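See structure below.
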Amino acid sequence: MILSTLEKYSKNFVPTIPRTPTNRYASIILLRETKSYAIFTTEGGEQQDVEQTPAGLSHPEPTTRLVMFKRKQVAPERRMGKALLRQYGIFPYAIQNGQVVFGEEALAIKEHYEDCYLTEGLCTHCPDCLIYGYAAVEGEGARKARLMTDTCFSVRPYELVQKQVKFNVIDEAKHTSGTITEYDYTVPGVFLPAVETTVDLTADEFVYVLGNILRTPRYGKEGTRQGFVRNHVLAIAFSDVELFANLEFTQALYDAFMADDEIDMVERGLSLVDFQKHANSVIETLTQNVAGRVELVTGEELQAILEDVRALNRDETRFAQFLKDLHVRSATFTV
């Protein structure tokens with residue numbers, strides 16, 4: 050186990066990658082906050098994804114919400130993890146006689162893996178593939194993900210978190226305006242509550258997933274020019290059952306804000322402070338009737354874990370060894 054702050058929670062992690070389920074859940078409860086304009090849409094669409102839902106759990110009136118689909122959340126985090134594996138020398142690698150070899154030694158072996166990338170070039174043996182899963186790959190079968198996610202929704206109505214922006218293209222040679230294009234944007238300062246639930250991970254695999262969440266800065270369409278998102282971890286929950294849906298989390302927060310006279314979601318909007326004020330009570334309410342064991346980690350204990358993860362990611366030598374050890378355990382796993 051790489052982090053001492055997780056040792057007291059060791060019973061919630063598997064000692065080695067399991068072949069059959071043990072239902073050890075570790076849920077990362079977070080807020081995704083847009084820090085720039087962003088576009089959350091399926092490929093090819095100019096209109097952002099929206100859905101009509103009940104406003105709250107106790108406010109049944111319908112409201113239209115901005116939607117961030119599951120793949121738009123996980124894919125950037127997977128790419129972040131894979132880029133780190135490349136950067137720290139995990140690729141190329143080969144598996145020979147149950148041992149993992151790297152670099153030039155790996156390239157000298159006929160069956161080696163030069164890279165791993167979404168979606169057609171998955172190696173099926175690296176930590177990313179064994180955690181996030183993969184569909185059928187010729188000669189390798191398929192592997193179910195050990196990380197579960199869900200579509201997340203804005204707390205405030207769609208009409209309060211979007212803006213239509215028009216662009217015209219200037220012809221540099223003719224000095225004339227070209228076609229005017231109008232895009233539907235999510236404005237900065239929009240919060241999307243989300244839960245990423247890991248199941249049957251080792252403690253170090255969990256650290257890898259949490260690190261990817263903390264590191265990943267961009268989501269949505271045209272991420273090189275917009276879509277900066279800050280992920281705020283509100284709590285970690287260890288359990289033997291999945292806890293609640295993202296929509297339930299959003300609706301429960303909406304109810305809490307509606308009951309708070311100091312919060313005006315229409316005129317003033319929402320701030321991170323508003324969420325921090327109500328998050329713990331909302332999470333406790335949502336988990337109090339769960340048919341299973343739940344252990345919530347918040348406050349100073351949560352901050353200690355997050356700081357340990359950040360410190361690991363800042364230490365180049367230690368982090369490189371962490372990724373190498375993690376990969377060796379993944380690559381030598383056999384079903």
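So for the sequence shown, this note's numbering puts the first residue at 50; every next one is plus one. Where a beta carbon is used, it is the ideal one built from N, C-alpha and C, also for glycine. Since this is a predicted model, take the numbers as computed values, not measurements.
Review point. Which class does I51 belong to by DSSP, given the choice of helix, strand or coil?
Key: coil
- Query: With a CB to CB cut of under 8 Å and the five nearest residues on each side skipped, what residues in its chain are close to A340?
  - Reply: V290
Closest to D304 by C-alpha separation, out of R205, L209, Y268 and R363, would be which residue? R205
query: Unbroken beta strand (DSSP E) runs of length 3 or more, entirely within the segment 147–199: which are they?
result: 148–151, 183–186 and 190–192
Alpha carbon to alpha carbon, how far is P237 from P67? Give it in angstroms, no decimals. 41 Å
Cβ shell of E126 (< 7 Å), same chain only, five flanking positions each side left out
N261, I262 and T265
request  = Count the other CB atoms, across all protein chains shown, that sit within 10 Å of the CB of L53; report buried if there are 16 or more and exposed otherwise.
outcome  = Reading off the sequence shown, one finds Ser at residue 53, where the question assumed Leu. So S53 ends up on the exposed side.
**Request:** Return the CA-CA distance between R73 and D253, expressed in angstroms with no decimal places.
**Result:** 14 Å
- What residues in its chain sit with their C-beta under 8 Å from that of A132, if we drop five residues either side in the sequence? none
**Report entry** For N338, the nearest candidate out of Y162, T71 and L292 (CA to CA)
**Finding:** L292
- How about T235 and Q97: do their beta carbons lie closer than 9 Å? yes
Original post:
Does DSSP classify A75 as helix, strand or coil?
Top reply: strand
Proximity of V239 and V210 at Cβ, strictly below 9 Å
yes
As assigned by DSSP and simplified to three states, the class of I285: strand
Taking Cβ positions, are L179 and F382 nearer each other than 9 Å?
yes
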